[in-house]
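A.B. asks:
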Amino acid sequence: MSRLFTLRALLLSAFLCFGLLVSAYQVLSVYRHSLQETMGELETTTDFIGHFIASGLVQNGSASAERLGHLFSEHLSHPALVYAAVLDGSGRLRALSLPQGASRMPLNMPAVEHLLADPERWERQHLHWLEGDELLLGGYPLGEEASVPGGGMVVLVMRTDTLRDKAWARTGQQLLMLLVPLLLLALLLAWLLKRLLTDRIEELLDDVRRLSTGRIDSLPVLGGDEVGQLAAEFGALMQRVISARDYNEYLLNCIPSPVWQVDRQQRCVYVNAAWMQLTGMGDEDSQGEGWWQALHPDDRRLLEPLLTEGGSGCGVDFAVRLRLRARTGRYHWVQLHGEPLVGRDGQFNGYLGSAFDIQSELDAGSELQANEARFRGLVEQSLVGVYVLRDGHFEYANPRLAEWFGYQPQELVARSLLDLVCEADRPRVRDMLDRRERGELVSAHYEFRALTRDGREFMAEAFGTRIELDGLPAIIGTLLDVTQRYKDRETVQAVVDAVVASPMVMLRRKAQTGWPVQFVSSNVERWGYSASSLLDGQRWFTTLIHADDLPLVLAEVQRSIDEARPEFVLEYRIRTGVGGYIWIEDYTRVHRDAAGEPLCLESLLLDISARKAADEKLRHAAAVFTNAREGVVITDTTPKIIAVNRAFCDITGYEEHEVLGRNPSMVSSGRQSKEFYQSMWTALLDEGHWQGEVWNRRKSGEVFPQWHSISAVRDDKGKLTNYVAVFSDISQLKESEAQLERLAHYDPLTELPNRILVQSHLNGAIERARRLHCKVAVLFLDLDGFKRVNDSLGHGVGDELLVLIAGRLRQRIRAEDMFARLGGDEFLLVLEGIHHPEEAALVAQDLIDLLQQPFRVGSGHELFVGASIGISLYPDDGLEMSELIRCADVAMYQAKENGRNNYQFHTEELTRAAENRQALESRLHRAITAQEFQLYYQPQVDIASGRILGFEALVRWCPIQGEPVSPAVFIPLLEETGLILALGEWVMHEACRQAVRWGEAGLPAVPVSVNLSPRQFQHLDVVELVRRALEDSGLPGALLELEITEGALMAQNLETQVRLAELKALGVHLAVDDFGTGYSSLAYLSRFPIDKLKIDKSFIDGLGQDARADKIVATVIAMGQGLDLQVVAEGVETASQLELLRALGCDAVQGYLCGRPLPAAQAGARLARERDGVPA
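Each residue of the sequence shown is one higher than the one before, starting from 3 at the first, in the numbering used here.
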């Protein structure tokens, strides 16, 4: 930054200081010179006067006061003279004289005595200054001629203050001469300062004011010095301020709500566009006092005190509702908010606020109040009870609801609904309320018996919906008194039950051609038809009538219609569903419309076939008893049996004559209590009908279940005449239910309890152990080798083996314990009442020992299986059923890992290992989705030429977060969980695509090998998977090699052969991986289309160190050469291994010695180097 202004200021300041210093020095010099001149004059005067007086005294010879006074008056008039005195030789005063008009002053005698004590001093110097007194002392010795004893001397005392005044007077005269140039200098400096600083700063301030008001766009350049730099900084600052102001103004104008600002004097300084849009006032119209014109005159008094309070220096936030005049002239209600503006100095500067148009809200509120009033009127006058509940208590009840309960509406408020519910129904109603308040139900419809104020009961039907009311859950609903409807429903039900139980079929037919059926009662099934098959034209009723009877029926119906007869009765035959005909009595009523046209025919059809065949039997009972499948009993009111049908005899075993006249209780089994029958008779007497399940006894003594429907029969006067009971034997139904119950809780194959039953039993065992303070053991048993049986001999043999195993192990189980099959080859044993873990261990070992003996199945095979058992104990390993089963399961897996055919107790370490395994499985799921797997490629090298024959694709897991995971860890888990299928599909496609990419890059075409896991190979879609991978990638089949383990090849002999043939048809190469570690067999090598054998690394590791390994490797190589198969040695890591394999005639090698697995890019680079002849 320029320092020109600073240099100028420094020069002017230096010049001014120099002038001031010179002036001060001149003043001091003049004063000092004047003072010296005055002092010299005083000393001369004093010396003159002293000598004069001394000589005068000597001449006259007298030193008296009169003489001295005479000399003063005659010769001395100096203003500085204080007094004159004559002293003798001893210092005593001989004479003293004061000048005329002078005031006497004391003589400083000590100083005089001190001076007089040194006569020689006076001889050398006559004048002496008295320190501190500002006096000049002059002494002049007298001779003997003066007649003063001891010689004496004349002493003069002069004042010096008059000398200083005189010096200052002279100095003043000199200063007057210096004043004019000093004034000129000062004027010059002032002019320079004004020119260089004041004018430019005022110009800067004026430009800043014009810039702030927008009259100029920027500050002019005022030079390159500090003032110019200051102007530039001010200009930049003002530009930022103006930009910020413009941006803020833009933001405020973007706000849809009106914004305003007033100063301390309540004058408007700003309104945004929304304000002007609302009020129709422009910016200039709103400025100053103009903004008050937009306010309603009555509302100004509301706002003025609020703004005045702010003007007093203690502004506070405020919000007020008032009216603003809109551009239409209509006033709008707004909510005006104000925030005080306080500067950095803490001073109140006015208010900034906004206005929100609440007119529509108020209009909506008015409409809402009107609607609420209308709604409240509807609710108050409603014939339906309306209520609002919170926490089960009434918050509102309308008059109709209160009337039903016998209260006033206000009396129900805060009263619990449960107080108005019969005690028997309260739990159900409380559950409905609780579930809605917890949010489990939104709406509910239920019925309950309600209590009125006077204790009367009525049937209530409630509808309720959960809502949010004032931020809290509540229930709003309606309530109806449905007592009469209940009675009507029961009456109708009794009629329907009687009809269904009776032989009469109810039928409604349209009065149209063919008489299509509109309604038919369900008991039409006894005629061989379902009700649905007769409805709405599915079958014309006229087609059911016997051909001989049809003309008679049609004529009678037509005659009734023509003659407007309301009803008629006919007897005719109809065809049943089984092909025969029955006689029916048809009682039909014709319903007509207002014009008299027939609408429908309603009929009661009674099967009278038995009545026709019987000789004058009781006509009212013949149709009921004949051909009925249900047993029917008619009693009198005593009650004694007066008639039974054939079905009764067939079902009970009694003949008719054996039961007539006897009480129906003769067949009672005694299984139901006395209270049961009392309840039945109460219902019959009160309601006229009862139905339910009854256990009776046949004549043979067998107890069997019946479904009974009993109705009371009354005559025209309502007098009870008979009871009619219709029942059916539901023994088969009960047996079916029992069978379903067994199927639900027992394994159908082994007849052992299933998972549901054993879990329920285990819960009960835990509860009993908790009470008795003992232990419960859970043994989780998994068969070893069962899968091999299933895969080799089929599931039929496997099922037979499971039955034999269950039968043998059941022998070791106590009656109080439970042995269950969970599914597959997994079993669970629950041991109760044990006190030591050793008891569970003994049982586990016994079970293992029982399985040591072979099982002989029907096909003649002798099979061996073992068992791995995991044991958990209550309460040591868990307090809950699921926890104990899980712990036993974990321990079972540990038993399998420990070599199978043993048992293991659960430990915390096993749980942690299982949890880690579960966590790894979850990570695997996420890893497949997140594509965290990569393919690495390990070369297979020709042992003779050293050239790459192909690559094996190996999958690697590289998590996004964390370290890579070894394939030895995750591959078995992928296989076990089935995730290998999804990952294997990706590997197959990606390996094929990579081989194609290498070819497109101009690299040598070499096959890529992909491992097929046993689970993949056994999957039915493996051939389709390979075909799709080849087609999608465009890779020739000859460039794909599939590696399959020996175990997978031997699992399914015939299916394996077919599957390998299908794969070979695709042109791919097939290799046996890890050869020698499984079921090596020359037979399958000769049958299967194998191209390559891969010797397992475990044999290569022993080359040159283990003679057996050397022989195995040599044998495999020789066998491969004999079968014309290529042999590849896996895991070659040392040169010595390579040389031994070369000597044995091995075709190719694979391992770290030839190359580690590489990412695709690096593997491609190695191919490129080999193509270009560059050593690897």
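Where is the CB? At the ideal position from N, CA and C, for every residue including glycine.
Tell me the residue span of the beta strand (DSSP E) that contains V805.
C.D. replies: Looking up residue 805 in the sequence shown gives position 803. No beta strand (DSSP E) contains V805, which is instead part of the alpha helix (DSSP H) from 797-812.
A.B. asks: Would you kindly work out how many angstroms separate the C-alpha atoms of V444 and L391, rounded to a whole number?
C.D. replies: On the sequence shown, position 442 is the one that residue 444 refers to. On the sequence shown, position 389 is the one that residue 391 refers to. Cα-Cα distance, rounded: 14 angstroms.
A.B. asks: Within a Cβ cutoff of 7 angstroms, which residues of the same chain sit near G663, ignoring the five residues on either side of it in sequence?
C.D. replies: Within the sequence shown, the letter at position 661 stands for residue 663. Taken in chain order, the residues that qualify are K642, I643.
A.B. asks: Can you tell me whether D879 is buried or exposed? The criterion is at least 16 other CB atoms within 10 Å of its CB, across all chains shown.
C.D. replies: Taking the sequence shown and counting its residues from 1, one reaches residue 879 at position 877. Buried.
A.B. asks: Give me, in chain order, the residues of the same chain whose beta-carbon lies closer than 8 angstroms to that of L30; leave out the 5 immediate sequence neighbours on both sides.
C.D. replies: Locating residue 30 in the sequence shown gives position 28, where the first residue counts as 1. Within the same chain, L30 has no close Cβ partners at all.
A.B. asks: Please confirm whether G516 and T544 have their CB atoms less than 8 angstroms apart.
C.D. replies: Position 514 of the sequence shown, counted from the start, is the residue given in the question as residue 516. Position 542 of the sequence shown, counted from the start, is the residue given in the question as residue 544. Yes; because the gap between Cβ atoms is below 8 angstroms, this pair is in contact.
A.B. asks: What does the alpha-carbon distance come out to for the pair I636 and G703?
C.D. replies: Numbered from 1 along the sequence shown, position 634 holds the residue referred to as residue 636. Numbered from 1 along the sequence shown, position 701 holds the residue referred to as residue 703. If you take the alpha carbons of I636 and G703, they lie about 23 angstroms apart.
A.B. asks: If you follow the beta strand (DSSP E) that P969 is in, where does it begin and where does it stop?
C.D. replies: If you number the sequence shown from 1, residue 969 lands on position 967. Where P969 is concerned, there is no enclosing beta strand (DSSP E), although the alpha helix (DSSP H) it sits in stretches over 969-979.
A.B. asks: Under 8 angstroms by Cβ, that's how I've got E1179 and V1010 pegged, so tell me the actual separation to the nearest angstrom.
C.D. replies: Because the chain spans 3 through 1178 in this model, residue 1179 falls outside it and cannot be assessed.
A.B. asks: Could you tell me which residues DSSP puts in a beta bridge with C270?
C.D. replies: Looking up residue 270 in the sequence shown gives position 268. Bridge partners of C270: V264, G290.
A.B. asks: Terminal residues of the continuous beta strand (DSSP E) containing Q295?
C.D. replies: Position 293 of the sequence shown, counted from the first residue, corresponds to residue 295. Here Q295 belongs to no beta strand (DSSP E), and DSSP marks it neither H nor E.
A.B. asks: In terms of residue numbering, what span does the alpha helix (DSSP H) encompassing H908 cover?
C.D. replies: In the sequence shown, the residue the question calls residue 908 occupies position 906. First-last for H908: undefined, no H or E at that position.
A.B. asks: With contact counted as at least three CB pairs below 8 angstroms, one residue from each stretch, are the stretch 882-895 and the stretch 750-766 in contact?
C.D. replies: Verdict: yes, contact present.
A.B. asks: Considering only C-alpha positions, which residue in the set S259, L207, D1023 is nearest to A234?
C.D. replies: Walking along the sequence shown from the start, residue 234 turns up at place 232. Among S259, L207, D1023, the Cα nearest to that of A234 is on L207.
A.B. asks: Roughly how many angstroms lie between the CA atoms of H863 and V791, to the nearest whole one?
C.D. replies: To locate residue 863, count along the sequence shown from 1; it is residue 861. To locate residue 791, count along the sequence shown from 1; it is residue 789. Distance between the alpha carbons of H863 and V791 is about 10 angstroms.
A.B. asks: What residue range is occupied by the uninterrupted beta strand (DSSP E) comprising V1176?
C.D. replies: To locate residue 1176, count along the sequence shown from 1; it is residue 1174. Counting along the chain, V1176 falls outside any beta strand (DSSP E), and DSSP gives it neither H nor E.
A.B. asks: Please report how far the alpha carbon of H395 lies from the alpha carbon of G408, in whole angstroms.
C.D. replies: If you number the sequence shown from 1, residue 395 lands on position 393. If you number the sequence shown from 1, residue 408 lands on position 406. For H395 and G408, the distance between alpha carbons rounds to 17 angstroms.
A.B. asks: Go to G952, then tell me how far its alpha helix (DSSP H) extends in each direction, as first and last residue.
C.D. replies: The residue given as residue 952 occupies position 950 in the sequence shown. From DSSP, G952 is part of no alpha helix (DSSP H) but of the beta strand (DSSP E) over 950-959.
A.B. asks: Return the chain-ordered list of same chain residues with a C-beta closer than 7 angstroms to the C-beta of E882, the five sequence neighbours on each side being excluded.
C.D. replies: Mapped onto the sequence shown, residue 882 falls at position 880. Contacts found: none.
A.B. asks: Any idea what DSSP makes of R1158, helix, strand or coil?
C.D. replies: Residue numbering aside, residue 1158 sits at position 1156 when the sequence shown is read from its first letter. Coil, per DSSP.
A.B. asks: Roughly how far, in whole angstroms, is the beta-carbon of Y583 from the beta-carbon of L554, given that I think they are within contact range, below 8 angstroms?
C.D. replies: Taking the first residue of the sequence shown as 1, we reach residue 583 at position 581. Taking the first residue of the sequence shown as 1, we reach residue 554 at position 552. Y583 to L554, Cβ: 15 angstroms. No contact.
A.B. asks: Tell me, which residues are paired with R358 by DSSP?
C.D. replies: Here residue 358 is taken as the residue at index 356 of the sequence shown, counted from 1. For the sequence presented, residue 358 should be read as Phe rather than Arg. DSSP, once it has assigned bridges, lists Q337 as partnering F358.
A.B. asks: Can you tell which of V669, C776, Y333 has the C-alpha that lies nearest to the C-alpha of D301?
C.D. replies: One-based indexing of the sequence shown puts residue 301 at position 299. D301 has its Cα closest to that of Y333, out of V669, C776, Y333.
A.B. asks: With three or more C-beta pairs closer than 8 angstroms as the rule, is the stretch 1151-1158 touching the stretch 1121-1140?
C.D. replies: Yes, since at least three Cβ pairs between the stretch 1121-1140 and the stretch 1151-1158 fall closer than 8 angstroms, the two stretches touch.
A.B. asks: Note down, in chain order, each residue of its chain lying with its Cβ closer than 8 angstroms to the Cβ of N904, except the 5 sequence neighbours on either side.
C.D. replies: Indexing the sequence shown from 1 puts residue 904 at position 902. Taken in chain order, the residues that qualify are I850, S870, I871, A897.
A.B. asks: What first and last residue would you give for the alpha helix (DSSP H) that runs through H659?
C.D. replies: What you label residue 659 is simply residue 657 of the sequence shown in a count that begins at 1. Unbroken alpha helix (DSSP H) run through H659: 658-661.
A.B. asks: Could you give the uninterrupted runs of the beta strand (DSSP E) lying entirely in the stretch 494-580, keeping only those of 3 residues or more?
C.D. replies: Segments of the beta strand (DSSP E) lying fully in the stretch 494-580: 506-512, 519-522, 569-577.
A.B. asks: Tell me, which residues are paired with V1130 by DSSP?
C.D. replies: In the sequence shown, counting from the first residue as 1, residue 1130 sits at position 1128. Paired residue(s): K1096, A1150.
A.B. asks: Helix, strand or coil: how does DSSP classify A16 here?
C.D. replies: Sequence index remark: in the sequence shown, residue 16 carries index 14 (1-based). Of the three classes helix, strand and coil, the one that applies to A16 here is helix, per DSSP.
A.B. asks: How many Å lie between D421 and Y589 at the Cα?
C.D. replies: On the sequence shown, residue 421 is found 419 positions in, with the first residue counted as 1. On the sequence shown, residue 589 is found 587 positions in, with the first residue counted as 1. Computed Cα separation, rounded: 52 angstroms.
A.B. asks: Roughly how many angstroms separate the alpha carbons of R949 and V943, rounded to a whole number?
C.D. replies: Here residue 949 refers to the residue found at position 947 of the sequence shown. Here residue 943 refers to the residue found at position 941 of the sequence shown. So the two alpha carbons sit approximately 5 angstroms from each other.
A.B. asks: Near E1172, what residues of its chain come up, given a Cβ to Cβ distance below 8 angstroms and the 5 sequence neighbours on each side ignored?
C.D. replies: For this step, residue 1172 is matched to residue 1170 along the sequence shown. Answer for E1172: R949, I950, P1006, A1178, listed in chain order.
A.B. asks: Using the Cα positions of K1066 and T909, report the straight-line distance between them to the nearest angstrom.
C.D. replies: Taking the first residue of the sequence shown as 1, we reach residue 1066 at position 1064. Taking the first residue of the sequence shown as 1, we reach residue 909 at position 907. So the two alpha carbons sit approximately 50 angstroms from each other.
A.B. asks: Which of the three DSSP states is assigned to D421 in this structure?
C.D. replies: Position 419 of the sequence shown, counting from 1, holds the residue named residue 421. The answer is helix: DSSP assigns D421 an H, G or I state.
A.B. asks: Indicate whether V646 and E658 have their beta-carbon atoms separated by less than 8 angstroms.
C.D. replies: Taking the first residue of the sequence shown as 1, we reach residue 646 at position 644. Taking the first residue of the sequence shown as 1, we reach residue 658 at position 656. Going by C-beta atoms, V646 is nearer than 8 angstroms to E658.
A.B. asks: Closest to D1149 by CA distance: which of R511, W335, V1115, S605 is it?
C.D. replies: Looking up residue 1149 in the sequence shown gives position 1147. That would be V1115, whose Cα lies nearest to the Cα of D1149.
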